[in-house]
Structure formats: C-alpha cells, structure tokens
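Q: The number in my numbering is simply the position in the sequence shown, starting from 1, with 52 added. Beta carbons are placed, not taken as given, at the ideal position from N, Cα and C, and that holds for glycine. Mind having a look at this structure? Questions to follow.
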Amino acid sequence: MIKMIFSDMDGTLLTDENKLPDDFDEVLAQLKKRGVIFAPASGRQYFSLLLSFEKYKDELLFVAENGTLVMQGGKEIFSKPMGEENAKKVLAASESFKDILRVYCGKKDAYLRTEQNIPEYHAELMKYYTHNGVVDNWEDVDDTAIKVAFYDKTGHALENIYKPLEHFNETLQVIQSSDYWVDVMSQGIGKGVAIKNVQKIFGIKPEECAAFGDYLNDYDMMQAVEYSFAVANAHPEIKKIAKYETLSNQQFGVTAGIKKLMAEGLI
Numbered sequence: 053m054i055k056m057i058f059s060d061m062d063g064t065l066l067t068d069e070n071k072l073p074d075d076f077d078e079v080l081a082q083l084k085k086r087g088v089i090f091a092p093a094s095g096r097q098y099f100s101l102l103l104s105f106e107k108y109k110d111e112l113l114f115v116a117e118n119g120t121l122v123m124q125g126g127k128e129i130f131s132k133p134m135g136e137e138n139a140k141k142v143l144a145a146s147e148s149f150k151d152i153l154r155v156y157c158g159k160k161d162a163y164l165r166t167e168q169n170i171p172e173y174h175a176e177l178m179k180y181y182t183h184n185g186v187v188d189n190w191e192d193v194d195d196t197a198i199k200v201a202f203y204d205k206t207g208h209a210l211e212n213i214y215k216p217l218e219h220f221n222e223t224l225q226v227i228q229s230s231d232y233w234v235d236v237m238s239q240g241i242g243k244g245v246a247i248k249n250v251q252k253i254f255g256i257k258p259e260e261c262a263a264f265g266d267y268l269n270d271y272d273m274m275q276a277v278e279y280s281f282a283v284a285n286a287h288p289e290i291k292k293i294a295k296y297e298t299l300s301n302q303q304f305g306v307t308a309g310i311k312k313l314m315a316e317g318l319i
C-alpha cells in the first residue's frame, strides 16, 4: 500500500494560473483519512510552499529547493547545503550575466542584490521566493547557503545560464528546472536523493511511494519511487522513465492519478 505521495508543483500539481486543482481539498482529506502523507517536492523555497499550503502546513512534508531542504511541522528533517564559499564562487562566475536574476538561497531567507531589486523580476521572484531580502553585497549575507538560483526572463535558460555554468558540474551540480530557471547546488543531491533519505527516516519503502512530475529536475524523483506518474504536458524524457501517465496539470492530473490509485486499492 502507498504511504507517501510526492508531487512537483509548477507544471504538475499547479495549473498554469498557479492554482491548486479544484478537487485538491477533497483528495487530501481522503489521503489523511487513509494515513497517507502528501509531500510537495519543488524547486520553490520552503516559505513559498508554506504559503501555497497554509491550512495544511502542519500536515504535509515539504521537499523544498529541489531536495536540498526537507521540512515537516516547522522542523528540519533533512538538508544538504552547498556551502557559503561555493555559493560565492558561482555568483562571482555569473557577474558578467546580463538581464539574469541571481538569487542566493539560504535556509532562513532568499537574497538578491540591490541593483536587481526591480519590478521586472518581482512577480517571478515572489512566485518561488516569497521570503526574501535585499543586500548590497553577497558578503552581507549571513545564512547557510543551500543553492543559488538564476532566472532568465526570455526563457532561454539553457543557453544563457546552464551552458555558461556547466563547468561547475565538476564540483557541484547544475540543474535546469524549467526554460526560465537554473539551480546550482551540492553534488549528489536532488529530489530523488532527498526522497530516499525521507524513506529511510520514516521507514518507508520505494514501493510504498508515488510521485508526479513534469520536468528534468523530477528525473531522479521518478526513479526513487515505485509508482511514478508523468503529467500529459511533461518533458519527453520524463515520460520515458515514468511508469504511468496522467492528465495534464490544467486537467488536474495529480489528483486524477491519486484517485486512480485509490480506485485500484493501492491507497
């Protein structure tokens, strides 16, 4: 029987309008009744996830920042920081980037520099990093670095961010989260690794877990569970490795998939 369900947020659980499925409350109530833990697994900041699930904040498990931080009931379950020196090296290497938002992601807050505190970035920043601050210099940040995030408003993150930073894969890990976002974090971490640690901590087996995803940063998450679902709008590589396919995010594919598992007696 399935005991834990992990779901990506953007492009998977959330609609393109950034809303939860209409039947989410109903499905979550059924999961709670059956003793199943629901876990949003996202590149988003923990505080952003709390806002999205405010009335469930004490019930859910949160796999935040692409797996570098896992929280439950306001307590840290697992984390893998990249280290302040590594964060500053990556940020220094990106000084020449033009029209690219750079975010230092810490456990306590997310930080951007004063010159990038401008309206054209605010809407996107607040979607993923609702708890943020502004610093004049990166040296002013006093926080544990868990990752560095970059945003390209043109949607060409692969060419403008990933490729120029790809050499950091020798010591760190560079991951493209979407056409707009790239994350740099510790090697050997990701949603899948975080999930494996959660499974150990809770004493839950992969065959007792399901996951829903749509993009490349969900790849290892798909491999960490027995019941892996790609939404219909997922990247082709995610569809290749997922064992099942469900409806698109616009058609509430995650809750449809969960209902399917319930109907088949797996939950």
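Quickly, what does DSSP pair T298 with across the bridge? List them, please.
A: V283.
Q: Roughly how many angstroms separate the alpha carbons of Y296 and K311, rounded to a whole number?
A: Computed Cα separation, rounded: 14 angstroms.
Q: What first and last residue would you give for the beta strand (DSSP E) that runs through K312?
A: Unbroken run through K312 is the alpha helix (DSSP H), 305 to 315; no beta strand (DSSP E).
Q: In the DSSP assignment, what residue or residues form a beta bridge with Q225?
A: Answer is M237.
Q: Going straight from the alpha carbon of M61 to that of S104, what length do you get?
A: For M61 and S104, the distance between alpha carbons rounds to 10 angstroms.
Q: Quick check on DSSP: helix, strand or coil for F264?
A: Of the three classes helix, strand and coil, the one that applies to F264 here is strand, per DSSP.
Q: Could you check which residue in Y214, V155, E147 has the C-alpha nearest to that of D231?
A: Closest by alpha carbon: Y214.
Q: Ignoring anything shorter than 4 residues or poking outside the stretch 112 to 183, list the alpha helix (DSSP H) runs there in chain order.
A: Listed in chain order, the complete alpha helix (DSSP H) runs (minimum 4 residues) inside the stretch 112 to 183 are 136 to 145, 171 to 180.
Q: Take D151 as the anchor and find which of Y108, V122, K205 has the nearest alpha-carbon.
A: Per the Cα distances, K205.
Q: Does the beta-carbon distance from R86 to I256 come in below 8 angstroms?
A: Not a contact, by the Cβ cut-off of 8 angstroms.
Q: With a Cβ-Cβ cutoff of 8 angstroms, do F114 and A81 count as a contact?
A: It is not a contact, given that the beta carbons lie outside the stated cut-off.
Q: With burial defined as no fewer than 16 other Cβ atoms inside 10 Å of the residue's Cβ, what is the status of D74: buried or exposed?
A: By the 10 Å Cβ count, D74 comes out exposed.
Q: Quick one: residues in its chain with C-beta nearer than 8 angstroms to the C-beta of E176, no 5 flanking neighbours on either side, listed in chain order?
A: For E176, where only same-chain residues beyond five positions count, the Cβ hits under 8 angstroms are L153, Y203, K205, Y232.
Q: Report the option in I54, D77, S94, I57 whose CA atom is closest to the CA atom of K243.
A: Out of I54, D77, S94, I57, S94 has the C-alpha closest to the C-alpha of K243.
Q: Between which two residues does the alpha helix (DSSP H) carrying S230 extend?
A: Premise fails: S230 is in no alpha helix (DSSP H) and is neither H nor E.
Q: Measure the C-alpha to C-alpha separation of K84 and A294 and round it to an integer number of angstroms.
A: Each residue's Cα considered, the two are about 25 angstroms apart.
Q: Excluding sequence positions up to five away, which residues of its chain have a Cβ less than 8 angstroms from the Cβ of E218?
A: Same-chain partners within the cutoff: V226.
Q: So what's S94 in DSSP terms, helix, strand or just coil?
A: S94 falls in the coil class under three-state DSSP.
Q: Let me confirm a value: A315 is counted as buried when at least 16 other C-beta atoms fall within 10 Å, else exposed. Which label applies?
A: Flag for A315 reads exposed.
Q: Considering only the alpha carbon of each residue, which of A308, F130, Q168 lies closest to E147?
A: The candidate whose alpha carbon is nearest that of E147 is Q168.
Q: Thinking C-alpha only, which one of K291, F281, P288, N285 is nearest L313?
A: The shortest Cα separation from L313 among K291, F281, P288, N285 belongs to F281.
Q: Are the beta-carbon atoms of D235 and N138 separated by less than 8 angstroms?
A: No, these two residues do not count as a Cβ contact at 8 angstroms.
Q: What residues match up with S104 in a beta bridge as DSSP calls it?
A: BP columns for S104 are empty, so no partner.
Q: Taking C-beta to C-beta, are P133 and S238 nearer than 8 angstroms?
A: Yes, Cβ-Cβ distance for P133 and S238 is below 8 angstroms.
Q: Using alpha carbons as the reference points, say which of D188, V155, K248 lies closest to E259.
A: The candidate whose alpha carbon is nearest that of E259 is K248.
Q: If the criterion is Cβ atoms closer than 8 angstroms, does the pair F354 and V277 meet it?
A: Past the edges of the chain, shown from 53 to 319, lies residue 354, and the structure says nothing about it.
Q: Who are the Cβ neighbours of N212 in its own chain at under 6 angstroms, not counting the five residues just before and after it?
A: Taken in chain order, the residues that qualify are D204.
Q: If we ignore side chains and look at the alpha-carbon of each, how far apart do G265 and G317 end up?
A: In a straight line, the C-alpha of G265 is about 22 angstroms away from that of G317.
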